[in-house]
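If you read the first sequence in my numbering, its first letter stands for residue 440, the second for the next number, and so on. Yeah, the Cβ is synthetic: ideal placement off N, Cα and C, and Gly gets one too. All values derive from a computational prediction rather than experimental measurement.
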Amino acid sequence: MAYWLMKSEPSVYPWSRLLEEKRTAWSGVRNYQANNNMKAMKKGDQAFFYHSNEERAIVGIMQIVKTWYPDPSDETGRFGMVDVRPQKSLTQPVTLTAIKNIAALKEMELLRQSRLSVSAVTDEAWNLILSQK
DNA sequence: GCCAACGTTGGC
DNA sequence: GCCAACGTTGGC
């Protein structure tokens, strides 16, 4: 099973909304690297839900429930989306600052490429982040 | 609000 | 195919 991190601006689509809706299609990605990461996702993979911009913290864990399929809102036909469902809220969000303070996470895609909205997370990084209190 | 880091577009 | 100009994202 692989791990991922997906960003959303709280003012656009907050974690609380995903909790209400129980499931959503991760549409709107228009970046090849992010799109390729979604293509690599398998059913059952887990992903952090990260609030970008005004909050900058991982607030929940999601599960991929449907693999990549074309995004109907993309007229070029190049970009797609996956379906996700919330699995667990973090009682204590893990902030970007906290992640930066973990030396072993210096190489995380999240830190190296701040504009990438869908990135891969290694097993080590996943476990380290979840062990933060 | 600013700006660095990217990504995209279009002229040549 | 190069690269300048422009647009966007997201951290600060």
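By DSSP's assignment, Y452 forms no beta bridge with any residue. Here L529 is near V498, since their CB atoms are less than 8 Å apart. Around the beta-carbon of Y471, fewer than 16 other beta-carbon atoms lie within 10 Å, marking it exposed. Counting along the chain, M547 sits inside no beta strand (DSSP E), nor does DSSP assign it H or E at all.
Close CB contacts of A441 within its chain, under the 6 Å cut and outside five residues either way in sequence, are with D484 (chain order). The beta carbons of K446 and S491 sit closer together than 8 Å. Positions of the alpha helix (DSSP H) runs, each at least 4 residues long and wholly inside the region 462-542, are given as 471-478, 535-539 in order along the chain. Per DSSP, A559 is not a residue of any alpha helix (DSSP H); the beta strand (DSSP E) it occupies stretches across 557-560.
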